[in-house]
Structures are given as C-alpha cells and as structure tokens.
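Notes follow once the structure below has been shown.
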Amino acid sequence: MATVTLRGTPVQTAGELPPTGSQAPDFRLTGTDLGETGLFAFPGKNLILNIFPSIDTGVCAASVRRFNEEAGKRPEVAVLCISADLPFAHSRFCGSEGLTAVHSASTFRNPEFGLAYGVTLMDGPLRGLLARAVVIIDRQGTVVHRELVPEIGQDPDFNTALKALDLLP
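Residue numbers (this note's numbering): 1320 to 1488.
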C-alpha cells in the first residue's frame, strides 16, 4: 500500500504503481463509446495514463486540459484519461471543452484496473475512486515514468512527465 493525502489527511491506496522498467499491466476499460479500450488500442504509441478521482473537480479537469494540449503537439503520444466517472461524464466534459487529443476511459466496469495499478483509494471520503497518478508507457509496453501525486488536490508534475516523454524515440 501507498499513502497519499486528501487535504492533509492520510489515505491508503490498494498497492503501488508498477515500477519503472517493468512491463505495464494489461487492462481493459470502458471508453466514451461504451466499448472496450486499453493498452491494445494504442499500438506503436507512447502512452500517458492520466489517472484521477473525478473529471468534475478543478485539478482533474485542468490535468485533462493540459495533457490534451501536450498530446496535440506530439503525434507519437496518446493520452488516456482514467477515472471511475461514467463514460458519459468524460464525454460531456471533453465535448464541452473541445478536447479532441485525449482519450477517456472509465473503471466503472473494470475496478481491477485500480488494483493492478495500485491506485484505488481504500479509505477516506473518496474510497473506491482512484488516486491522482501519471504513468508513461513506451511503445514496447514498458513503464518509463510514474508518479503517485502525494496530495490528491495537487497537480501532477507535468514538467517531469513531459521530460520523460522527450527521452523516448
């Protein structure tokens, strides 16, 4: 288990993020079209997993906007925004914001994702939702960067994540 905080109060996660250098755990999630998505949907791409509690919070929404902006500049990169929100919420948000460079996915049918990636919140008021994290997976399926954001209400370290991407072919 890892510990993050929510407004300073410790909250436990289901485990740990996959280690850098390891093969990314395979997963299936539900896309905004209600079909399955996962690692298989992004062959030949470097993949950013932007994981967060809910699209309907300011910090989560800002991370989706920021990664949309960055993905638009990098055709070799795909961004998958992941939360327990229903696919309809993801679709509504991205549609109203005009965000077309990111892909959204929900864990509502696939809670095993949060367990495999160690990001399911196990206690506290957000129990059952996902912690804020960024995982970058290269074209071969290897985890090359990971960040479990220590305070749920804090932005991920975009600069470090983007630097990790810049080192990839």
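For every residue, glycine included, the Cβ atom is placed at its ideal position computed from N, Cα and C.
- By the beta-carbon neighbour count (other beta carbons within 10 angstroms, threshold 16), L1486 is exposed.
- Annotated as proximal: L1449 and T1426, with beta-carbon spacing under 8 Å.
- Taking 8 Å as the cut-off, the beta carbon of Y1436 is found closer than this to the beta carbon of L1336.
- Boundaries of the beta strand (DSSP E) harbouring P1329: T1328 to Q1331, taken from the DSSP string.
- Exclusion of the five residues before and after L1481 leaves E1389 as the residues of its chain whose Cβ lies within less than 7 Å of its Cβ.
- The three-state secondary structure of V1454, taken from DSSP, is strand.
- Apart from sequence neighbours up to five positions away, the residues of its chain that approach F1361 with a beta-carbon distance below 6 Å are A1397, ordered along the chain.
- Rounded to the nearest whole angstrom, the C-alpha separation of F1407 and V1378 is 19 Å.
- Looking at the DSSP output, T1322 shares a beta bridge with Q1331.
- Straight across, the Cα-Cα distance linking C1400 with F1432 is about 13 Å.
- Here S1402 carries a strand assignment [DSSP, helix/strand/coil].
- In the three-state scheme derived from DSSP, where H, G and I count as helix and E and B as strand, T1439 is classed as strand.
- Using a Cβ distance threshold of 8 Å, I1456 and A1483 do not count as a contacting pair.
- Taking 8 Å as the upper bound for CB-CB distance, G1363 and V1462 are not in contact here, some 17 Å apart.
- Per the DSSP secondary-structure output, S1410 pairs with nothing in a beta bridge.
- For E1466, DSSP records a beta bridge to V1453.
- Taken atom to atom, the span from the alpha-carbon of A1380 to that of Q1331 is near 23 Å.
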